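Comments concern the structure below.
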Amino acid sequence: MSIRLSSTLFAASISFKNSKSFHSDRSLSCRFSVRSCVSDSRNANKLVLEVKERLAKDCTSLPIGKNGRDDEEMILWFLKDRRFSVDEAIGKLTKAIKWRHEFKVNELSEDSVKAAAETGKAYVHGFLDVKGRPVVIVAPAKHIPGLLDPIEDEKLCVFLLEKALSKLPAGQHKILGIFDLRGFGSQNADLKFLTFLFDVFYYYYPSRLDEVLFVDAPFIFQPIWQFTKPVVKSYASLVKFCSVETVRKEYFTEETIPSNFRS
0 MSIRLSSTLF AASISFKNSK SFHSDRSLSC RFSVRSCVSD SRNANKLVLE VKERLAKDCT
60 SLPIGKNGRD DEEMILWFLK DRRFSVDEAI GKLTKAIKWR HEFKVNELSE DSVKAAAETG
120 KAYVHGFLDV KGRPVVIVAP AKHIPGLLDP IEDEKLCVFL LEKALSKLPA GQHKILGIFD
180 LRGFGSQNAD LKFLTFLFDV FYYYYPSRLD EVLFVDAPFI FQPIWQFTKP VVKSYASLVK
240 FCSVETVRKE YFTEETIPSN FRS
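In terms of numbering that gives the first Met the number 0, the sequence shown has 150 at position 151, counting the first letter as 1, and numbering is strictly consecutive.
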């Protein structure tokens, strides 16, 4: 009896010590995690200021203000995209700011893209998807290369991206792209525009695209996709082939389903 009691007390003592050790380790881990987050935040802010100062010194011709060389939110986004490599972020950011200025992104409006928008080939959906992402819907079957000046399609593309990004809710940073491929034929294929689209997402709106749905892709689309995959590189991993039913059930509620995907 005495031996059993001693054993029990000894085991309880070990358990208590282990418990204290566990909670101590857990507390230490939590404190380390908090310090790490604070440290990361401080380092990020430091790098943002470094980029900002270097742009101010070396790139005085770049515009300032929103989406300019002193836009700290934009600088941070490009730093994250380049894994906080200051030199790489500056290179990519400089290219993007110059492009925005030359393309006159800030001057785009509903009126300026009216001709392309009226074809119905692309639009921003009025509701977010179930993950809280703004949605850009594209209907390639309504795109006829050469019907409009290519710059009109490019302006529509950029205008819709800007519009979608303006709808980002707090805590969300990326958008969903849906390509409704029903009715797609070889006459709708446009490698030149696809190259422009890749450049836009890679150089000017990096890491803004979260997922791309290819809906009900016809057989003829498969060889075209295999040919274009090398062009879009890593963005190919964002693509998911699916059905209209999948779009309805997995990406929207009954109230928010896009009209062209309703049964």
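The C-beta atom is built at its ideal place from N, Cα and C for all residues, glycine as well. Predicted model, so just to flag it, every value in this text is computed and none were measured.
| Between which two residues does the beta strand (DSSP E) harbouring L212 extend? | In the sequence shown, residue 212 corresponds to position 213, counting from 1. Per DSSP, L212 belongs to the beta strand (DSSP E) from 208-214.
| field | Segment contact flag, the region 105-117 with the region 223-236, C-beta cutoff 8 Å, min 3 pairs | value | no
| task | Keeping to the same chain, check which residues put their C-beta closer than 7 Å to that of C58; ignore five residues upstream and five downstream. | result | On the sequence shown, position 59 is the one that residue 58 refers to. Correct list, in chain order: R68, T93.
| Residues bridged to C241 [DSSP beta-bridge criterion] | Within the sequence shown, residue 241 is the residue found at index 242, counting from 1. BP columns for C241 point to V214.
| Are R132 and D209 closer than 8 Å when you measure CB to CB? | Taking the first residue of the sequence shown as position 1, residue 132 is located at position 133. Taking the first residue of the sequence shown as position 1, residue 209 is located at position 210. Yes; because the gap between Cβ atoms is below 8 Å, this pair is in contact.
| Going by C-alpha distance, which of R261, P257, Q186 is nearest Y268? | This structure does not reach residue 268, given that the chain is present from 0 up to 262, and the question cannot be answered.
| task | For F178, write down the residues that DSSP places opposite it in a beta bridge. | result | Working through the sequence shown from its first residue, we reach residue 178 at position 179. Bridge partners of F178: V137, F213.
| Closest by CA to T194, which one among W224, R181, K166? | Walking along the sequence shown from the start, residue 194 turns up at place 195. Cα-wise, what sits closest to T194 is W224.
| task | Taking R99 as the reference, give the member of R261, K45, Y203, D39 with the closest Cα. | result | Against the sequence shown, residue 99 aligns to sequence position 100. Of R261, K45, Y203, D39, the residue nearest in Cα terms is Y203.
| Under 8 Å between the Cβ atoms of V214 and I177? | Locating residue 214 in the sequence shown gives position 215, where the first residue counts as 1. Locating residue 177 in the sequence shown gives position 178, where the first residue counts as 1. Contact flag set, yes.
| request: Report yes if the CB atom of R53 is closer than 8 Å to the CB atom of I89, and no otherwise. | output: The residue labelled residue 53 in the question sits at position 54 within the sequence shown. The residue labelled residue 89 in the question sits at position 90 within the sequence shown. For R53 and I89, yes; Cβs fall inside 8 Å.
| Of the listed residues I63, I219, V238, nearest to F183 (C-alpha basis) | Reading the sequence shown from its first residue, position 184 is the one you call residue 183. Looking at the Cα atoms, I219 is the closest of the given residues.
| query | Do you know whose CA, among K65, S84, K91, lies nearest Y201's CA? | reply | The count along the sequence shown starts at 1 and reaches residue 201 at position 202. Per the Cα distances, K91.
| field | For S165 and E270, the rounded distance between their alpha carbons | value | No answer is possible for residue 270: the residues shown for the chain start at 0 and end at 262.
| Would you call the region 73-80 and the region 111-126 touching, i.e. three or more CB-CB distances under 8 Å? | no
| message | At the level of alpha carbons, what is the spacing between E249 and V238? | response | Residue 249 sits at position 250 when you count from the first residue of the sequence shown. Residue 238 sits at position 239 when you count from the first residue of the sequence shown. The alpha-carbon atoms of E249 and V238 are separated by roughly 15 Å.
| request: Leaving out five residues on either side along the sequence, give the residues of the same chain with a beta carbon under 7 Å from the beta carbon of V157. | output: Residue mapping note: residue 157 aligns to position 158 of the sequence shown, counting from 1. So the qualifying residues of the chain are F102, V104, L107, V199.
| query | Whose CA, out of V112, S111, K120, lies closest to the CA of L180? | reply | Here residue 180 corresponds to residue number 181 of the sequence shown, with the count starting at 1. For L180, the nearest C-alpha among the options comes from K120.
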